[in-house]
Structure formats: structure tokens, C-alpha cells
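Residue numbers for the sequence shown follow my numbering, beginning at 2 and rising by one.
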Amino acid sequence: MKIEPRKYKAYTRRDLSKLPQLDQVPAEMRTAMSAVSAVFPFRVNNYVVEDLIDWNDVPNDPIFQLTFPQQDMLEPKDRKHMLDLVGKDAPAKEIEADAHKIQMRLNPHPAGQMVFNIPHLEGEPLPGMQHKYRETVLFFPSNGQTCHAYCTYCFRWAQFVGLDELKFAAKEGEKLAAYLVEHPEVQSVLFTGGDPLIMKTATLRRYIEPLLDPALAHINSIRIGTKATAYWPYRFLTDNDADDLLRLFEEVKKAGRQLALMAHYSHPRELETPQAQAALSRIIGTGAVVRCQAPLMRYINDDVDTWADMWRLQVRLGAVPYYMFVARDTGPRDYFSVPLARAHQIFRDAYQRVSGLARTVRGPSMSATPGKVVIDGEARIHGERVFVLKFLQGRNPEWVGNPFFAKYDENAAWLDQLKPAFGAREFFYERELKEMGEAGRREMWRNQRSKRPVNVYTQAEWE
Ligand SMILES: *Cc1c(COP(=O)(O)O)cnc(C)c1O
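This is the structure we're talking about:
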């Protein structure tokens, strides 16, 4: 079967009344979609609508839940208010203003992202970068701050509804390279967004090529966080600059670094189309590694088989299961969130059903203010039922790797709802975290660099 080129076509709130697939959806549900999409971002495309969603199963279809606004994403009072406005055809200005008030109440910037992690170069802040964990720098290229479609549960939703005015995004790549020269402790640069693969390859190349300079030999890996593999696989297949993108991946490999595509797959369906599988195959053919991650979300993937099937298929197609995340404490999280106890059960049961090759995955993990905290298990210790927790990443690297304990709580859905076990007053890291916040926070770590010189031979050298 030959995959034909396809022209990308986006659908947004304006198109809700025009999409033929929605004809079969009851009128009040369409009005509700219009009301909810005034508050949360909405964008799908022709591939998602025509090839991923099973319209016979709407509204329960997981990809429909993943991409189309759902009425219960707003709590009843807000929903009623927005429905009234939309129902009486209120002026756009009024709808926007009231939507804005709701948005501001929904914790638009979780985990202290705006203030806590911004790195500095020669005393100047570098917006569009984050350096929270010693080994990895996040980079938000300014023209990579949108996506081929939006996820209803997106934790960066605030930037897509205009709350951030791209405060978060970096305009130029030179500062990134300059910062990295000064920071030999960094091993990995993660391009994120939005979706960096929204950019034309020529633009992406301008960011990536400077990182391949021998002066930055400490950069082991360049990562690109993306949902294009799921939402627009044509980016790697038939788009005008698809071949050029694959060449760029090859260049990274030839420069002796790993290109890791951090692919966001929420459901096995996203891996089941010929387009998705062809895209993966071409990406892996460049020598890039594909690592897969997604949050656990009610109505979308909150079941054991979904995860076990997804991890198995990823391994089969040559990708590596990496993280299962917990829904963050922002936006429509009340609608999508799964309690930690249940999240852990789903993770463990799915993990038990896959071979060791898929057990590279870790989770369920919370990207919280102090770091990435995984629920490693449940236990009973001296009669007390507890969660066993562990830092996978910490603001202080010394927090990583040792278990700590929280009282078991069937309903807790985030770290801040957990209480320390065994009568402790606070978790072991809390005092230090508070001091970091008060100190205005710079790097919490010493530059620990391996003394062994890097000895990597590139293909040009051994051929
Ligand atoms: C997850 C994450 C990283 C990368 O962590 P890894 O464990 O290396 O994948 C880096 N920075 C931030 C802020 C993160 O949330």
C-alpha cells in the first residue's frame, strides 16, 4: 500500500458547525463543545478526524476524548455560564472576558514553571529555557509553540489560549549554545513546546546544528518532544521537507550524538495506522531513538490493556517505552485525573503483562515542583499502609533514588495531597525546597563532570 501525500488541514472552534463528522452528534453536545472550547484550546486536523477517531463510538471514542472539547471539562457552574453565553450568541468580547476569568482560576502555570527554572547567562535571564535538572536543559523555540492538534488534557494549555504571549519561548538559538558552553554538567538538550516539529526543517536546523559543534562535546543527546508521530505522521513521510528532516536526524547521529524523539502516544490506536508505522520506521532508520511517553488519563487510557497493548506495540515497532505520567494539577484535571492508588494499580498490572523489553517504562510519575516523583508501590510497614515513592529527577540531584513513604490515600491525585507516613511532619525534601524558593534559586548542584575524556568516533572517522 502506498501512502499518498496529504495536505494538512486544521479545524478549530470556528469549524465546529461545519465538520460533516459532527452532523451525527446531538445539537446540545455541539453547543457544549463550543462553550468549552472558548475556555480551553481546540484544534484537530484532517488525519485525526478521518483516520484516528472512530465516529461510531463517539463520544466514548478515546481519540475523540483526546482531541475534542468535552462538556464536563468545565465544572457545572462554569459550564452553565459559558453555555448561556454561547446559547444567546453573546458578543465574542464578552465570551472571551468570562472565559479568561475561568482560565485564571485553573492554575495555568503548574509546578512553579514560570519563576523557578529560568536559567541565566551573564546575569541575564534566558526566557524560553528551563534548567531544572542538572543533566538536561529544556528549550522552547519561539516558532515551535503550537501543535498539529491539541490534546484536551494539555498541561501547557495556557499558552495556546493566549495567557502567556509566548513569554516562555526563546527567539534565538545562539544564547542556548552560549549557555551550554558555560554548563558542562548538561548532557542533554530537550526541544519542547508546543511541538518543535511544527517548525519547518530549515528553522529547526538553525537551532540544532550549533549544538553539534565540537565545543559542545558534552552534549550527548538532543531530544525533540513531539506529538507529530501520532497527530501528523506525514511530517516524516510526504511533507515537502520530510526527507530533509530525516537527513537532519542523520546528521546528529553522524556528529556522534543521539537524536532521541520523545514521542507522545496516548493510545495504541495512534500506532496502528500505516502512516504511523511508516513514520516510525523511517525515523528509526536514521539512527534516531524513539522513546514514548504519555499521561494516564480517565476516558482516554485509564485501563490496563490499553497500556500493555501500547507498550507491546511500541517495542515491536522498535520504540522504547519511557514514562507514564500522572495528570498535572492544572486546567481540566478534575475531569481527566485518576487517583494515584489506581494509577499505580494500572501501571503495575500492565507492567506485569509485558516482556522485559517494555519494562524500560517508569511511572506513574508526577512532574511536581520538587522533581519527578514516581509511585513505586504500596506496602504495609509496621502495620501502616503506605505508598513507596521515589525521585526519578530532583531539583537537588541528591534526592534521586532513595525510597520515601507517604500514608496510603485512596483518593489523593497529586503529591500535595499526600501526607508523610510514620507520623513525620514533612517529607525529607520539603525544608530544602522551601529554602531554594526563598533563595530565588540558581543551580543547586556542583558541576560534576566525568574525568574520563569523551572518546566517540564518528562514522566519517571509521569508514
Ligand atoms: C522530565 C524532565 C526532564 C527530563 O528528565 P529525564 O528523566 O532525563 O527524561 C528535564 N526537565 C524537566 C523540567 C522535566 O520535567
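All C-beta atoms in this analysis are idealised placements derived from N, C-alpha and C, irrespective of residue type, glycine included.
Everything numeric in this text was worked out from a predicted model, so none of it was measured.
Can you give me the Cβ contacts of residue i inside the same chain, cut-off strictly under 6 Å, excluding the 5 residues immediately before and after it?
i    : result
P63  : H268, I301
A289 : F250, L260, L262
G319 : I285
W308 : A351
A100 : A39, V40
R386 : Y409
L358 : V316
Q188 : E136, N221
Apart from the five residues on each side of it in sequence, which residues of its chain come closer than 7 Å, Cβ to Cβ, to residue i?
i    : result
T202 : D242, D245, L246, L249
M34  : L17, F69, P70
E433 : N397
R360 : Y352
L86  : E95, I96, D99
A11  : R44, N46
E411 : P340, A342
H82  : D99
M2   : P275
Going by the beta-carbon positions, is the gap between residue i and residue j smaller than 7 Å?
i    : j    : result
M298 : F337 : yes
I223 : L260 : yes
R334 : A328 : yes
I96  : A159 : no
F156 : T331 : yes
N144 : M200 : yes
Q394 : Y134 : yes
Q418 : K255 : no
R292 : V321 : yes
T147 : G195 : yes
L212 : I220 : yes
N46  : H149 : yes
R363 : V355 : no
F161 : P42  : yes
K89  : L127 : no
W56  : Q22  : yes
A279 : I4   : yes
V457 : G257 : yes
L205 : R236 : no
L139 : T193 : yes
D1   : T274 : In the structure as shown, the chain begins at 2 and stops at 464. Residue 1 is therefore absent and cannot be evaluated.
A178 : V455 : no
Y430 : W400 : yes
L75  : T137 : no
P365 : M325 : yes
L390 : A407 : yes
So who's on the other strand from residue i, going by DSSP bridges?
i    : result
P421 : A407
N46  : A11
V362 : Per DSSP, none; premise fails for V362.
E385 : I382
V291 : L262
V190 : V138, I223
V327 : L297
E5   : Paired residues: none, contrary to the question.
K373 : S368, Q394
P322 : C293
M130 : F140
H110 : Partner(s): none; H110 has no beta bridge.
H121 : P126
V59  : Answer is none; V59 lacks a bridge partner.
V401 : F392
So residue i and residue j are in contact, right, with Cβ under 8 Å, and what is the actual spacing, rounded?
i    : j    : result
V37  : Q71  : 7 Å
Y208 : R44  : Rounded, the Cβ-Cβ distance is 24 Å, inconsistent with contact.
T227 : H265 : 7 Å
F388 : E379 : 6 Å
F423 : F405 : Contact doesn't hold; Cβ gap of about 10 Å is too wide.
W415 : E186 : Not a contact, Cβ separation roughly 30 Å.
R7   : Y48  : 7 Å
L20  : V50  : 7 Å
Among the residues of its own chain, which have a CB less than 8 Å from the CB of residue i, if the five just before and after it don't count?
i    : result
A277 : T230, A231, P234, E271
D303 : L297, V339, R343, I347
Q25  : W56, V59
T32  : L84, V87, G88
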